[in-house]
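Visitor: Starting off with a structure, shown below.
Residue numbers (this note's numbering): 18 to 378.
Okay, structure coming up:
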């Protein structure tokens with residue numbers, strides 16, 4: 018499996034290095050044959066090449082078996098005309114990564130929930146209120162005069178169908194329930210269109226239950242009755258907010274894996290940002306990117322029928338889970354005492370202790 022690695026900014030450099038160390042041990046223990054090529058993006062590329070997303074990155078991503086993307090500090094970038102392109106948004110739109118998939122599973126002694134959470138949020142990934150990526154030319158935000166700012170929300174039938182189908186396919190492998198989250202009581206046209214397309218897709222999955230729920234009620238039920246949810250499908254901004262809420266309720270935003278998928282392309286990316294205030298201090302928690310890498314291996318393995326990659330994904334996820342399960346082997350953000358390097362050591366040791374898997378493909 019050939020992976021393009023884009024380390025990003027801030028703590029992205031540290032948690033990407035940590036994740037690659039873990040993948041190296043997965044290779045040794047499970048014969049996964051994961052290979053990678055690193056390409057600089059972000060602020061380093063801006064200094065050296067005049068752009069945060071150098072020419073050739075998108076073509077390399079298309080040609081690879083997957084992409085591992087570290088967090089980026091796009092708030093610090095200059096205007097696009099000066100080379101400040103948001104790599105995350107650009108990859109999602111240019112590669113048509115229509116679904117962002119974020120599992121949320123609570124850890125009992127870290128979660129504040131009274132009931133366990135085990136759900137997946139499938140978020141539309143290319144349009145919505147995200148004004149930097151929802152127009153063919155220009156942006157969806159503009160100012161007719163100095164005291165007025167307007168923002169356009171874009172919802173299309175095609176994108177709604179794509180993300181809905183991804184959600185229903187996923188639900189078939191889980192508890193067979195999809196909750197479509199919306200605000201159609203206010204956004205009658207745009208969320209009305211979204212729901213229309215979700216219902217069309219639902220007709221192709223009679224074995225999966227469809228529930229429709231307003232977004233503010235969803236935010237409340239994630240706290241009160243999280244066990245009512247299996248797979249949530251929603252638009253871009255709603256999904257972004259709800260997945261952050263769900264991850265924090267599970268224990269921390271730093272514990273959630275995330276992949277963005279399109280037709281034949283998958284990008285693994287930590288749920289959290291680049292945290293420049295702690296960059297270089299060896300205290301960042303690499304769990305989210307490690308778990309995202311495991312999701313990438315599983316996606317590619319399932320797609321190609323490669324049992325070795327699927328087993329490697331399970332091995333990495335289980336190793337991270339076992340280390341997080343012990344309060345003594347957690348990073349400081351979770352109340353532990355381990356540095357980034359020490360946590361990575363513990364994950365690598367957990368992988369090395371696993372029984373060697375077969376190498377069938």
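Idealized CB from N, CA, C, for every residue including glycine.
Quick caveat, the model's predicted, so the values are computed rather than measured.
Helix, strand or coil: which one does DSSP assign to residue 275?
Guide: The residue labelled residue 275 in the question sits at position 258 within the chain shown. In this structure, residue 275 counts as coil in the three-state DSSP scheme.
Visitor: Can you list, in chain order, the residues of its chain whose CB lies under 8 Å from that of residue 115, leaving out five sequence neighbours each side?
Guide: Here residue 115 is taken as the residue at index 98 of the chain shown, counted from 1. So the list reads 141, 142, 143, 176, 179, 180, 183, 278 and 279, once near-sequence residues are dropped.
Visitor: In chain order, what residues of the same chain lie with their CB nearer than 8 Å to the CB of residue 242, ignoring the 5 residues before and after it?
Guide: Counting from one through the chain shown, the residue named residue 242 turns up at place 225. So the qualifying residues of the chain are 132.
Visitor: Run the CB neighbour count on residue 33, radius 10 Å, all protein chains shown included, and call it buried at 16 or more, exposed below.
Guide: Sequence index remark: in the chain shown, residue 33 carries index 16 (1-based). The residue is buried, with at least 16 neighbouring Cβ atoms inside 10 Å.
Visitor: Since residue 274 and residue 311 are thought to touch, with beta carbons under 8 Å apart, how far apart are those beta carbons, to the nearest angstrom?
Guide: Mapped onto the chain shown, residue 274 falls at position 257. Mapped onto the chain shown, residue 311 falls at position 294. At roughly 7 Å, the Cβ-Cβ gap stays under 8 Å, so residue 274 and residue 311 are in contact.
Visitor: Suppose you measure from the CA of residue 375 to the CA of residue 126; what does that come to, to the nearest Å?
Guide: Numbered from 1 along the chain shown, position 358 holds the residue referred to as residue 375. Numbered from 1 along the chain shown, position 109 holds the residue referred to as residue 126. Residue placement at residue 375 is poorly supported in this model, since its pLDDT is 48, which falls under 50; the coordinates are not used for a value here.
Visitor: Going along the chain, which residues of its own chain have a beta-carbon closer than 7 Å to the beta-carbon of residue 81, five neighbours each way excluded?
Guide: Within the chain shown, numbered from 1, the residue matching residue 81 stands at position 64. Correct list, in chain order: 19, 20 and 21.
Visitor: Classify residue 354 as buried or exposed, calling it buried when 16 or more other Cβ atoms lie within 10 Å of its own Cβ.
Guide: Sequence index remark: in the chain shown, residue 354 carries index 337 (1-based). By the neighbour-count rule (16 or more Cβ atoms within 10 Å), residue 354 is not buried but exposed.
Visitor: Is DSSP giving residue 178 helix, strand or coil here?
Guide: One-based indexing of the chain shown puts residue 178 at position 161. In this structure, residue 178 counts as helix in the three-state DSSP scheme.
Visitor: I think residue 361 touches residue 38, with their Cβ atoms under 8 Å apart; what is that distance to the nearest whole Å?
Guide: Your numbering for residue 361 matches position 344 in the chain shown. Your numbering for residue 38 matches position 21 in the chain shown. Residue 361 to residue 38, Cβ: 5 Å. Contact.
Visitor: Verify the CB distance criterion: does residue 209 have a CB-CB separation below 8 Å to chain D?
Guide: No chain D is part of this structure, which consists of one protein chain only.
Visitor: DSSP on residue 372, reduced to helix/strand/coil?
Guide: For the purposes of this step, residue 372 is identified with residue 355 of the chain shown, where counting begins at 1. Residue state, collapsed to three classes: coil.
Visitor: By the 10 Å Cβ neighbour count, where 16 or more other Cβ atoms means buried, how is residue 348 classified, buried or exposed?
Guide: Reading the chain shown from its first residue, position 331 is the one you call residue 348. Residue 348 should be labelled buried.
Visitor: To the nearest angstrom, how far is the alpha carbon of residue 302 from that of residue 172?
Guide: Position 285 of the chain shown, counted from the first residue, corresponds to residue 302. Position 155 of the chain shown, counted from the first residue, corresponds to residue 172. In a straight line, the C-alpha of residue 302 is about 35 Å away from that of residue 172.
Visitor: Assess contact between the region 335-352 and the region 290-307, defined as three or more Cβ pairs (one per stretch) separated by less than 8 Å. Is contact present?
Guide: These segments touch.
Visitor: Looking only at C-alpha atoms, which of 295, 307 and 345 sits nearest to residue 329?
Guide: Mapped onto the chain shown, residue 329 falls at position 312. Nearest option by C-alpha distance: 307.
Visitor: Residue 168 by DSSP, collapsed to three states: which one?
Guide: Position 151 of the chain shown, counted from the start, is the residue given in the question as residue 168. Strand.
Visitor: Can you name the residues that DSSP bridges to residue 321?
Guide: Working through the chain shown from its first residue, we reach residue 321 at position 304. Paired residues: none, contrary to the question.
Visitor: Measuring alpha carbon to alpha carbon, tell me which residue in 309, 322 and 325 is nearest residue 334.
Guide: In the chain shown, the residue the question calls residue 334 occupies position 317. Nearest of 309, 322 and 325 to residue 334, Cα basis: 309.
Visitor: In the region 243-276, which residue ranges form an unbroken beta strand (DSSP E) of at least 3 residues, counting only runs that do not cross its ends?
Guide: Counting whole runs of 3 or more residues, the region 243-276 contains the beta strand (DSSP E) stretches 248-251.
Visitor: Using only the alpha-carbon positions, how far apart do residue 185 and residue 222 sit?
Guide: As a working note, residue 185 is residue 168 in the chain shown. As a working note, residue 222 is residue 205 in the chain shown. Roughly 7 Å separates the two Cα atoms.
Visitor: How should residue 165 be labelled, buried or exposed, when 16 other C-beta atoms within 10 angstroms of its C-beta is the threshold for buried?
Guide: By one-based count along the chain shown, residue 165 stands at place 148. Label assigned to residue 165: exposed.
Visitor: Over what stretch of residues does the beta strand (DSSP E) that includes residue 118 continue unbroken?
Guide: For the purposes of this step, residue 118 is taken as residue 101 along the chain shown, with counting starting at 1. Looking at the DSSP string, the run of the beta strand (DSSP E) that includes residue 118 is 116-122.
Visitor: Write down every uninterrupted run of the alpha helix (DSSP H) in the region 291-373 whose length is 4 residues or greater and which is fully enclosed by it, in chain order.
Guide: Entirely contained in the region 291-373, the alpha helix (DSSP H) runs reaching 4 residues are, in chain order, 304-321, 324-341 and 357-369.
Visitor: Using a Cβ-Cβ cutoff of less than 8 Å, which residues in the same chain neighbour residue 102 once the five nearest sequence positions on both sides are dropped?
Guide: Taking the first residue of the chain shown as 1, we reach residue 102 at position 85. Cβ neighbours of residue 102 beyond the five flanking positions: 68, 69, 70 and 94.
Visitor: Residues in its own chain within less than 6 Å of residue 169 by CB, not counting five upstream and five downstream?
Guide: Start at 1 with the first residue of the chain shown, and residue 169 comes out as number 152. Result list for residue 169: 157, in chain order.
Visitor: What do you reckon, are the CB atoms on residue 235 and residue 198 nearer than 8 Å?
Guide: Residue 235 sits at position 218 when you count from the first residue of the chain shown. Residue 198 sits at position 181 when you count from the first residue of the chain shown. Cβ distance < 8 Å, so residue 235 and residue 198 count as in contact.
Visitor: Check whether the Cβ atoms of residue 276 and residue 313 sit closer than 8 Å, and answer yes or no.
Guide: Counting from 1 along the chain shown, the entry for residue 276 is found at position 259. Counting from 1 along the chain shown, the entry for residue 313 is found at position 296. Yes; because the gap between Cβ atoms is below 8 Å, this pair is in contact.
Visitor: Enumerate in chain order the residues of its own chain whose CB-to-CB distance from residue 214 is below 8 Å, with the five nearest sequence positions on each side excluded.
Guide: Taking the first residue of the chain shown as position 1, residue 214 is located at position 197. Contacts found: 174, 177, 178 and 181.
Visitor: Quick one: complete alpha helix (DSSP H) runs, 4+ long, within the region 175-233?
Guide: Complete alpha helix (DSSP H) runs here, min 4: 207-219.
Visitor: Compare the Cα-Cα distances from residue 150 to each of 106, 193 and 247 and report the closest residue.
Guide: Counted from its first residue, the chain shown places residue 150 at position 133. Cα-wise, what sits closest to residue 150 is 106.
Visitor: Taking the CB atoms as reference points, tell me whether residue 46 and residue 363 lie closer together than 8 Å.
Guide: Taking the first residue of the chain shown as position 1, residue 46 is located at position 29. Taking the first residue of the chain shown as position 1, residue 363 is located at position 346. No; because the gap between Cβ atoms is not below 8 Å, this pair is not in contact.
Visitor: Assign residue 123 to one of two classes, buried (16 or more other C-beta atoms within 10 Å of its C-beta) or exposed (fewer than that).
Guide: Reading the chain shown from its first residue, position 106 is the one you call residue 123. Buried.
Visitor: Starting from the Cα of residue 192, find the closest Cα among 25, 73, 248 and 217 and give me that residue.
Guide: Counted from its first residue, the chain shown places residue 192 at position 175. Of the candidates 25, 73, 248 and 217, the one whose C-alpha sits nearest the C-alpha of residue 192 is 248.
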